[in-house]
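Notes follow once the structure below has been shown.
There are 2 protein chains.
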Amino acid sequence: MKTDEQKLVNKTELENFKVGVDNVIFSVDTQLNRLLVLLIKRKDEPFSGQWSLPGTLVRKGEALEQSAYRILAEKIQVKNLYLEQLYTFGGPWRDPRESPDSYGVRYLSVSYFALVRFEDANLIAKNLSSITWYPIQKVPKLAFDHNKILEYGYRRLRNKLEYSPIAFDVLPEVFTLNDLYQLYCTILGENFSDYSNFRSRLLKLGFLCDTGVKVSKGAGRPASLYRFDAEAFAPFKDKPLVFI
Amino acid sequence: MKTDEQKLVNKTELENFKVGVDNVIFSVDTQLNRLLVLLIKRKDEPFSGQWSLPGTLVRKGEALEQSAYRILAEKIQVKNLYLEQLYTFGGPWRDPRESPDSYGVRYLSVSYFALVRFEDANLIAKNLSSITWYPIQKVPKLAFDHNKILEYGYRRLRNKLEYSPIAFDVLPEVFTLNDLYQLYCTILGENFSDYSNFRSRLLKLGFLCDTGVKVSKGAGRPASLYRFDAEAFAPFKDKPLVFI
DNA sequence: TCAAAAGTGTTAAGGTTACACCCATGA
DNA sequence: TCATGGGTGTAACCTTAACACTTTTGA
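Chains as they are written, first to last, in the UniProt record's numbering: chain A, 1 to 244; chain B, 1 to 244.
This is the structure in structure tokens:
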């Protein structure tokens, strides 16, 4: 039987942690106009066989962001991406392995949110049935608290898109204004803005430059290819800028 | 001498963590029109004697936010506050105790940002020279990476104030529109907006209700006391709302 | 020559800014 | 009666939203 003294000591005892990084990786399939999120089928316990966000535990000497890039690189080959820290979920009993019968340490998750270019993202997997792009509307029940993390990431994506130039990290070097508009529509939903108003707002900002090159898409007038001019954008950095 | 095999094993070894919570606690002295941040003088190694953000290590069974509230309650008595998670700093070598000669585990910090009502915040300390409100412009070099955390929190505070009703968590139950304006001025700097425009914008939104009660401040016309009407605000929740 | 896709222009409604001005009180 | 702080009004300007219209192409 424990004395009161012992109970007090137990109460103020520090928790030991393993730290994991979970990535919410988004991509936009511009052909089918679908917003996708990358999911992994777990092959180990806990939650073996269930879909989850791609994650990993942080290794000795590894920075958190480094860990996020590592897991990303293990799952997909990609040239262009945007990545930022999302939120930290660290309450007790997130992970069954916390049980004293198991490892007896708490599992904290630092989540990151990424947007990658769909066209040049190659999935890496021994068997491709264990990794897939899921349309955001069709995501099933995920392992751990990953549905909550995903929801959080989705909200952040929509906000970021409205007042940051992250779209250009994920579009090809040159793109038509319609490509850009479609990307916004896919993520924010139709009728977030009229095309012609979107167009004039973006052009007025002055950091999209017309390359002069035209590209034809079946019938209809050919579209100009534009380029994002990072230098012309510089003055807007850290300023509240609205794209929609 | 290590074999290549051993090196590889070491490389993929998981890190063990202690998790700390560090709070960036802001307050506004409306008398002197100063934005203040709560700092603690450390009395233990490492960085003994240096100023730091109030922080603590997470205990067994304790949620992160719970930990943030605990350290806050240990340092100040306060009735009204706003608190949210800020960012997680978890790179290697943030803390000298990570050294193998010391505890040999990594110290990760989940930071929280809080805004408290200055008037009813009583500092708790055995000796008051070890805890103090610092004007934001005069903050010295802090322990660990706390200056970086503070800077991050300061940016978040300014953003939050512009499009969230956090000011009302920190104002008295009833307040004059000038009190509100002064709060905004102190945090965002003068000339963020004309008083009369600020006034009409806020009143048009319709969630500030005039109590009819007047209060006099020396010479001059008495001001109406207003109350924040949380119910009338409800429809604006989760909508992008701009106060400035 | 017609439909499709790209791109331009117009207009009404509403918001923002920078003020000038009126009101109520204490000294 | 005047200085002080509170409160109202307004005209010029800018932004937004909706939609009509022109241009350039392939079939």
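Glycine residues also receive a C-beta, built at the ideal position from the N, C-alpha and C atoms.
Remember, it's a predicted structure, so these values are computed and weren't measured experimentally.
Under the DSSP definition of a beta bridge, K214 (chain B) partners with B:S224. Listed along chain A are E15 and P92, each with a C-beta nearer than 8 angstroms to that of G61 (chain B).
Remark: C-beta atoms of F233 (chain B) and P172 (chain B) do not approach each other more closely than 8 angstroms. Residues of chain A whose Cβ lies closer than 8 angstroms to the Cβ of Q85 (chain B) are, in chain order, Y87 and T88. Under the DSSP definition of a beta bridge, F47 (chain A) lacks any partner. At the C-beta level, S111 (chain B) and V24 (chain B) come within 8 angstroms of one another.
Inclusion of L115 (chain B) and V174 (chain B) in the CB contact set at 8 angstroms is not warranted, their separation being larger than that value. Assignment of beta-bridge partners to T132 (chain B) by DSSP yields B:L39. D29 (chain B) has B:R34 as its beta-bridge partners, per DSSP. The Cβ atoms of L39 (chain A) and S48 (chain A) do not sit closer than 8 angstroms to each other.
The beta-carbon separation of L188 (chain A) and R158 (chain A), rounded to 6 angstroms, stays under the 8 angstroms limit for a contact. With respect to chain A, the C-beta atom of K79 (chain B) has no partner C-beta closer than 8 angstroms. Put simply, the CB of L72 (chain A) is far from chain B, with every gap to its CB atoms at 8 angstroms or more. Within the model, the alpha-carbon separation for R201 (chain A) versus A223 (chain A) is close to 18 angstroms. If you look at S200 (chain A), you'll find it in the alpha helix (DSSP H) that goes Y195 to L205.
Y107 (chain B) sits close to E98 (chain B), with the two beta carbons spaced by under 8 angstroms. In the three-state DSSP reduction, N159 (chain A) falls in the helix class (H, G or I).
Note that the C-beta distance between L14 (chain B) and K18 (chain A) is below 8 angstroms.
The alpha-carbon of C185 (chain B) is positioned some 7 angstroms away from that of F192 (chain B). Check the Cα spacing between R117 (chain A) and each of A:G91, A:Q137 and A:V170: the tightest is with A:V170. The region 124-138 of chain B makes contact with the region 59-78 of chain B; the number of CB pairs closer than 8 angstroms reaches 3 or more. Taking a beta-carbon distance threshold of 8 angstroms, V19 (chain B) counts as an interface residue toward chain A. Residues of chain B whose Cβ lies closer than 9 angstroms to the Cβ of V110 (chain A) are, in chain order, T88, G90, L108 and V110. Non-local C-beta neighbours of Q85 (chain B) in its own chain, meaning closer than 6 angstroms and more than five positions away in sequence, comprise Y112, ordered along the chain. Just measuring C-alpha positions, the residue of A:Q31, A:V37 and A:L32 sitting nearest Y152 (chain A) is A:V37. Nearest C-alpha to Q182 (chain A) among A:N33, A:F26, A:V21 and A:D120: A:N33. For E45 (chain B), the closest of B:I136, B:F144 and B:F228 by C-alpha to C-alpha distance is B:F144. Residue nearest to K60 (chain A) within the set B:G90, B:L64, B:P54 and B:V21 is B:G90 (criterion: CA-CA distance).
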